[in-house]
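Scroll down for the structure; my scribbles are underneath it.
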Amino acid sequence: MSEIDSTAAVNELLAQVPPEPRVREQLSPGQWVKKNLFNSKLNTVITIVLAPITIYLGYRFFRFVFVTGRWEPVRQNLELFMVARYPRGERWRILTQLVLVAGAAGIGTGLVGKRQRIVAAQTGQPLPPRSWRTYASSYWSIVLYVVVLLAAFTRTFGPLLLTLGCITTGVVGYLIGRALPGAALPYGWTLAALTGVASFQVLSGTGGWAWFFTTVALVPAVGAVVAALPANARLVGAGLGTAAGLVTVILKPGWLGGAAIVLGAFALFTALRGNRVDGARLGLLVAAGGGVYLLGRAIGLDGIDWANWGGLHLSLVVASAAIVLALPLGILLALGRRSKLPAVRVMSVAYIEFFRGAPLISFLLAATFFLGFFLGAGTTLSQITRAIAAITLFSAAYVAEVVRGGLNAVSKGQVEAGQALGLPASKVTRLIVMPQALRAVIPAMVGQFISLFKDTSLLTIIGVAEYLGARDLVHSQNAFRGIGIAETLVFVAFGYWAFTFTMSRESQRLERRLGVGQR
Amino acid sequence: MTSIESELRPVPRVPLWRNERVLKIVAQIVAVAVVVALLRWLIGNLTTNLNRVGISTDFGVLRQSTNFTIRDDPGFAPNSPVFPNMLWVGVKNTAIASVVGIAIAVGLGVLIGVGRLSSNWLVRKLCTVYVEIIRNIPPLAIIIFFGYAVFTYGPFPIFNPRNPPWQVKLPGSDNNFLILSNDRWAFPSFMKDGNVGIFWILVLVAVAAAIVAWKWRTKVNVDTGAPHHRVVWAFGVLVVLAVIAFLATGVPYRWSWPAVSASGRTIVGGFGTNAGYLSITGALGLYHASHIAEITRGSILAVPRGQSEASLALALGGFQRYRFVILPQAAKIGFPPIISQFLSLTKNTSLATVVAYPEVTSLVTSAIGNGKPAVQMLVALMAIYLLFSFAWSVLLNSVGRKFKEVSR
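Keeping their order, the protein sequence lines are chains A and B. Residue numbering for the first sequence is 1 to 519, as defined by my numbering. Residue numbering for the second sequence is 1 to 408, as defined by my numbering.
This is the structure:
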């Protein structure tokens, strides 16, 4: 909770510390011991006192892990910890999702590497140094977690096959991303995003807003298509939007069809007024959105009820959903807080301070007890929807503070340069300030995500069986009542630690690479 | 002529829809109107829906009785447990847990943070391992670990008449120094015995004398340049006078040793605490210590290296270098984030509901579980936490201002 403050603050402090030149001294073991353990009287005393204690604690820990620990509750209930009571007949969804996510991550990583190489070739700057050491120092904890799971707690070969499948799709995705030619990069981004959307689709079905996310995923590809089109074809693209809007409104009258036709008409209007690129982009997106929506309705897949979700899987989904939803809200609040309009500023500050002032648990309780009453009569929300809503509103306030830090870091000269070019305020913010601000706060945002991931453990208190809460299911079984309490907790803590440690290492690496705070 | 006139004519008035001042006002009115409309819609829905299912939306329920008693709180009169009383008990417990947790976190955290910069490899590695493990585990998991793995199902004996708790005696005496069981511990404490009022008045006099001694030593130092030793002087005066007062008023406090009662169910004497309190303070202390350690380390590293080199050039020793050069500057850097840790710890005490420590959140949750309307209860709860946050941010701002005055 809100430890982001300290993590971000510390990272900021440490970013200002000039890196010490690393001199590798060649010391004999004797010299090393003298220099590092017995270099003064006080240190000698400390070493002599601490060394036996450390050895004893290490011995006790070793015995706990390998000898005395009763790991049966974990081994028998690994499924509960991973997915809780997700229906057995639908497990294939989670498996497919994992494989697809690995593929999307692979494509994304490949693309980032590809782009770095292109940029390096264009600017003539050297590539950021990378070696197996840096990757190992970032990812060893999560690898350790997976290896321990596979080696000690699984009873079938299924998980091993799944892991191998994920690794395979990840590598294939990476190779695809790397192999794409420079001009095809936007299509690559669309491919990665579509894989991500598809993975969510597999899980929750086409119900809801899946068509919307699919359309958003298409944005980079549409941009690239429009850029490649000749001018007249762009006009056709804008017209296509209007046509698609018309079709949608005929097949699906209502606000959605109405919005489609208004947007399509606006696209055509923009194109006719002279801005053919923007018009064509918007038109093609409207056409794509309408098409995806109608197609999705035609093929339809049933979703899985939220109430059945759980385990580590739910923790990750809730944290990801909350950060994705909180980000736009947080950006708006941060802009509001810096607005020149006093009323907007006061309202943003009130929101931020209200949500930062009270603990998350009070908002989770409020969401549990009466979130549904805020909406129209007859609305029923699952416990998990409520929790995501509460966590989103809560973390939007923290995201806003993170983004505000980034906005403050953008120098005033940037804004003035934008104004000197005659850009309107909205474009100055969108094109000049925001990209720099967001880039500067990527590490702090990762920190926020880490704290959000840890916060999902509070869902236990409102009775959701996420990763920590799955323990309650385990210990409510007759066989494990009051048995292995410490062991299950250590196992759960190990999982949280593996994920958050990896993320924090990765964010430190990003920070060094982006050179945040070194300008 | 006409052309000059036309040039001198004032610029035509900007139409209203392009006038920036008007636009700004309109934008604000629209923004406020949208937010107010949204809030009205939400709250209107809330009241209609609650009334429809027959739940009271009247804040008068806050004056009703709570229908339950609070564990381990004799001050909470069971015959008239009205809601404000209950909230007050909860606020007190939240404050106690926060203050004790903060004390643990600061003590341990600063030690570990300095330890991470130690020249001793073992100390450095132990502190790093501590920070990197504890910081990356949710505090709730640590609290549950204390509450269930250490206490409820832990190694300590269950407290009942057939199974007495562990009683650690003082060597050569029959008094219990510690009583340990799986749901309550007891420590020795003081008991009033005699004229307490006069003793405390004399202690106040001793404090005044200590202040005078402090001022005097400072003046001596300023006038003559002699070493002031004002901490030793002031502290010495305070302790000596306080001991004299203690003896002169006829030893107004005596030790109170904890003992298991005749029924074998409760502890009499001493200072008894329950597992919930120990879990929440211990767990939050350990958890936030890892964050404070990082802040401490970051602040010390953020002091420019030139400062350290300058003090070496002045031939200051290691301790002097830390005491007079590095730590004052590091404190200036580290205070604001450390105080935001205090705020965060105060909010995290709300997690005590899982170990049944009666702080304000778990009491409010119990009240809701006892059929009290949730809306009013949670609004009251949020208001209380906002007050706590407000108190901390007032402190933060005053400290920040003080440091701003110092820094140049």
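A virtual CB, placed ideally from N, CA and C, is assigned to each residue, including glycine.
query = Quick one: what's L180 (chain B) bridged to in DSSP?
reply = B:W166, B:W185
query = What's the gap between the Cα of C166 (chain A) and the Cα of R439 (chain A)?
reply = 30 Å
ask   = What is the rounded straight-line gap between the Cα of I46 (chain A) and the Cα of F62 (chain A)?
value = 24 Å
message = Check for me: the alpha helix (DSSP H) holding Y187 (chain A) runs from which residue to which?
response = 185-204
ask   = Would you call the CB atoms of S199 (chain A) and L100 (chain A) closer than 8 Å?
value = yes
ask   = What's the gap between the Cα of G75 (chain B) and the Cα of A289 (chain B)?
value = Its pLDDT being 48, under 50, G75 (chain B) is placed unreliably by the model, and nothing is read from it.
query = Should G334 (chain B) and T296 (chain B) be called a contact, given that it needs their Cβ atoms to be closer than 8 Å?
reply = yes
task = Write down the C-beta distance between Q448 (chain A) and V399 (chain A) rounded to the nearest angstrom, noting that I regard them as a contact closer than 8 Å.
result = 6 Å
inquiry  = Considering just the uninterrupted stretch of the beta strand (DSSP E) at T273 (chain B), what are its terminal residues?
reply    = 271-274
inquiry  = Tell me which residues share the same chain as S141 (chain A) and place their Cβ nearer than 6 Å to its Cβ, disregarding the 5 neighbours each side in the sequence.
reply    = A498, F501, T502
ask   = From G369 (chain B) to M377 (chain B), what does the alpha carbon distance come to, in whole angstroms?
value = 11 Å
ask   = For the stretch 342-363 of chain B, which residues have a CB atom closer than 9 Å to at least one CB atom of chain A, in sequence order?
value = L343, S344, T346, K347, N348, T349, S350, L351, T353, V354, T361
key: Nearest-angstrom Cα separation, counted from I391 (chain A) out to E360 (chain A)   = Note that residue 360 (chain A) corresponds to Leu in the displayed sequence, not to Glu. The alpha-carbon atoms of L360 (chain A) and I391 (chain A) are separated by roughly 7 Å.
inquiry  = Restricting to Cα atoms, I'd like to know which of B:N120, B:S181, B:N93 is closest to T346 (chain B).
reply    = B:N93
request  = Whole angstroms is fine: what's the gap from M86 (chain B)'s alpha carbon to L363 (chain B)'s?
outcome  = 7 Å
message = Against chain A, with Cβ distances strictly below 8 Å, would V35 (chain B) count as a contact?
response = yes
message = Give me, in chain order, the residues of the same chain whose beta-carbon lies closer than 8 Å to that of T154 (chain A); leave out the 5 immediate sequence neighbours on both sides.
response = L78, L160
query = Among all the DSSP beta bridges, which residues are the ones paired with S65 (chain B)?
reply = B:V82
query = Closest by CA to E416 (chain A), which one among A:I432, A:M347, A:G405, A:A326?
reply = A:I432
query = Looking at chain B, which residues of the stretch 35-50 of chain A have a Cβ within less than 7 Å of any of its Cβ atoms?
reply = N36, L37, N39, N43, I46, T47, L50
Pairwise C-alpha distance: V219 (chain A) and L229 (chain A) = 15 Å
query = What are the residues that DSSP puts in a beta bridge with N160 (chain B)?
reply = B:N163
query = Name the chain A residues whose beta carbon is nearer than 9 Å to that of Y153 (chain B)?
reply = G482, I483, I485, A486
key: Among B:V375, B:G282, B:A367, B:M382, nearest to F59 (chain B) - alpha-carbon criterion   = B:V375
inquiry  = Quick check on T273 (chain B) - is its C-beta less than 8 Å from some C-beta in chain A?
reply    = no
query = Based on the DSSP secondary-structure assignment, which residues constitute the bridge partners of W255 (chain B)?
reply = B:F190
task = Check whether the Cβ atoms of S350 (chain B) and S362 (chain A) sit closer than 8 Å, and answer yes or no.
result = yes
request  = Put I333 (chain B) into one of helix, strand or coil per three-state DSSP.
outcome  = helix
key: Simplified DSSP assignment, three categories, for E294 (chain B)   = helix
message = Between S362 (chain A) and chain B, is any beta-carbon pair separated by less than 8 Å?
response = yes
request  = Mind checking the stretch 156-167 of chain B against chain A and listing, in chain order, the residues whose C-beta falls within less than 8 Å of any C-beta there?
outcome  = none
ask   = Hey, R265 (chain B) and P161 (chain B) are a contact pair by Cβ (cut 8 Å); roughly how many whole angstroms apart?
value = 6 Å
query = Do F418 (chain B) and Y253 (chain B) have their C-beta atoms within less than 8 Å of each other?
reply = One cannot answer for residue 418 (chain B) here, as it falls past the ends of chain B, which runs 1 to 408.
task = Using a Cβ cut-off of 8 Å (strictly closer), state whether T365 (chain B) contacts chain A.
result = yes
ask   = Is the CB-CB distance between G241 (chain A) and G223 (chain A) below 8 Å?
value = no
query = Which of the three DSSP states, helix, strand or coil, is assigned to V260 (chain B)?
reply = strand
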